[in-house]
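Protein chains in written order, with the working numbering: chain U, 285 to 436; chain X, 285 to 436. Presented below is the structure to which this report refers.
Number of protein chains: 2
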Amino acid sequence: MEDKIKFMTAALAEAKKAYDRDEIPVGAVIVRNGKIIARGYNIKEEKKDTTKHAEIIAIQKASKKIDAWRLNECEMYVTLEPCAMCAGALIQSRIKKLYIGTMDPKTGACGSVLNLLTDYKFNHKVDVEYLIMQEECEKILKDFFRKLRQKK
Amino acid sequence: MEDKIKFMTAALAEAKKAYDRDEIPVGAVIVRNGKIIARGYNIKEEKKDTTKHAEIIAIQKASKKIDAWRLNECEMYVTLEPCAMCAGALIQSRIKKLYIGTMDPKTGACGSVLNLLTDYKFNHKVDVEYLIMQEECEKILKDFFRKLRQKK
């Protein structure tokens, strides 16, 4: 299987964990030297903590794993376009490349509302590739919001 | 003492804790109903975790304190203009107002490089007031970088 598909599939498996806990289903993995070193899924409602997005959790775990805040040899796969907080964290962590599943037109800060990763004079730019397994990444979100509406 | 001065003084006391640990001296406090409910200072190098900025720590503590991720009745005082990650976290947490000590021309995302708090169509805008105790907030940073240069 192509690497991109393999790693986005792993990110989707994380999103499924969020889905099963009634959290907005977003998942992320961080890859270094061809291996997944950290995984995360959104758990904001359960933790009552707005910083508990999949990307922030994965970044924290990756830093713990390699004992460094600099993740310059790492790449992230995330099922949904990161918000400004998470895009900012990717810049801060010096992550090399980001692979995005599907876009978030309302809050996405990697190309939708704005593009923090490439369009500003910060001290680091993050390479980005879009629409990896877009259909699957969008489907889990649509399923989630349908389920939510039915509950109400 | 005027409230703004009182609370920025408290944020500066947090910055001093970072200074004493050889961390870039940035401090933040979160205020609700006229009382400080959370404090934080930058501890990124010691924790080897790029998310350990003063603002993120204060937001996490405030959410724990009031048992909710929504901080819509809260205000933050921070000694240095937040980066994109922290500005994004302020939007995510729905914080009502931000008081900034001094500006960060290179990475500040609340008016310097860009203004995430007010200039984009996110679902929340954060009110912001600038240059509270600017001299003192700038001095501790200058002192820190002077000390750093002397060490090298």
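Backbone N, C-alpha and C define an ideal beta-carbon position, used for all residues, glycine too.
Chain X residues whose Cβ lies nearer than 7 Å to that of Ala342 of chain U: Result: empty, since nearest Cβ-Cβ is about 11 Å, beyond 7 Å.
Per-residue DSSP class, three states only, for Asp304 of chain X: helix
Residues that Arg323 of chain X bridges to, as DSSP identifies them: X:Val313
Min CB distance Cys358 of chain U to chain X below 8 Å: no
CB contact check: Ile314 of chain U to chain X, cutoff 8 Å: Cβ-Cβ to chain X under 8 Å: no for Ile314 of chain U.
Member of X:Glu419, X:Arg430, X:Ile321 and X:Ala295 whose CA lies at the smallest distance from the CA of Val362 of chain X: X:Ala295
Test: Gly372 of chain U CB closer than 8 Å to a CB of chain X: yes
Under the three-state DSSP convention, the category Glu365 of chain X falls into: In this structure, Glu365 of chain X counts as coil in the three-state DSSP scheme.
Short-range partners of chain U found in the stretch 400-413 of chain X, where Cβ spacing is below 8 Å: Contact residues of the stretch 400-413 of chain X toward chain U are Leu400, Tyr404, Lys405, Phe406 and Asn407 (C-beta to C-beta distance below 8 Å).
Identified DSSP bridge partners for Asp411 of chain X: X:Lys381
Nearest-angstrom beta carbon gap, Leu355 of chain X and Ala278 of chain X [assumed within contact, 8 Å]: An answer regarding residue 278 of chain X cannot be provided, because it is not within the stretch 285 to 436 covered by chain X.
Alpha-carbon spacing of Pro389 of chain U relative to Arg430 of chain X, whole angstroms: Pro389 of chain U and Arg430 of chain X: Cα-Cα distance of roughly 44 Å.
Proximal residues to Ser396 of chain U (C-beta, below 7 Å), its chain only, five neighbours per side dropped: Glu365, Met387, Asp388 and Pro389
Rounded straight-line distance, which links the Cα of Met285 of chain X to that of Ile379 of chain U: 44 Å
Chain-ordered neighbours of Leu425 of chain U on chain X, where CB pairs are closer than 8 Å: For the C-beta of Leu425 of chain U, not a single chain X residue is nearer than 8 Å; the gap to the nearest is close to 17 Å.
Straight-line Cα distance separating Ala297 of chain U from Gln434 of chain U: Straight-line measurement puts the Cα of Ala297 of chain U at about 24 Å from the Cα of Gln434 of chain U.
Positions along the stretch 372-395 of chain U whose CB lies within less than 9 Å of some CB in chain X: Those would be Gly372, Ala373, Leu374, Ile375, Gln376, Ser377, Arg378, Lys390, Thr391 and Ala393, in chain order.
Where Leu432 of chain U meets chain X, residues with beta-carbon distance less than 7 Å: Near Leu432 of chain U there are no residues of chain X at all, since even the closest Cβ is about 17 Å away, more than 7 Å.
First through last residue of the alpha helix (DSSP H) which encompasses Arg354 of chain U: No alpha helix (DSSP H) holds Arg354 of chain U; DSSP gives it neither H nor E.
Length of the line joining the Cα atoms of Glu419 of chain U and Val310 of chain U: 14 Å
Touching by the beta-carbon criterion (3+ pairs, under 8 Å), the stretch 393-407 of chain U and the stretch 401-408 of chain X: yes
Beta-carbon gap between Arg305 of chain X and Ile327 of chain X smaller than 8 Å: Their beta carbons are under 8 Å apart, which means Arg305 of chain X touches Ile327 of chain X by this criterion.
Between the CA atoms of Cys358 of chain X and Asn317 of chain X - distance to the nearest angstrom: 8 Å
Contact under 8 Å by Cβ, Ala393 of chain X with Gly372 of chain U: yes
Sequence-distant residues of the same chain with beta carbon closer than 7 Å to Ala299 of chain X, five excluded per side: Pro309, Val310, Gly311, Tyr325, Thr363 and Ile424
Contact check, Ile384 of chain U vs Val410 of chain U, beta carbons under 8 Å: no
Val313 of chain U versus Thr334 of chain U: straight-line alpha-carbon distance, rounded: 19 Å
Proximity test, Cβ basis, 8 Å: Asp333 of chain U and chain X: For Asp333 of chain U, at least one C-beta of chain X is nearer than 8 Å to its own C-beta.
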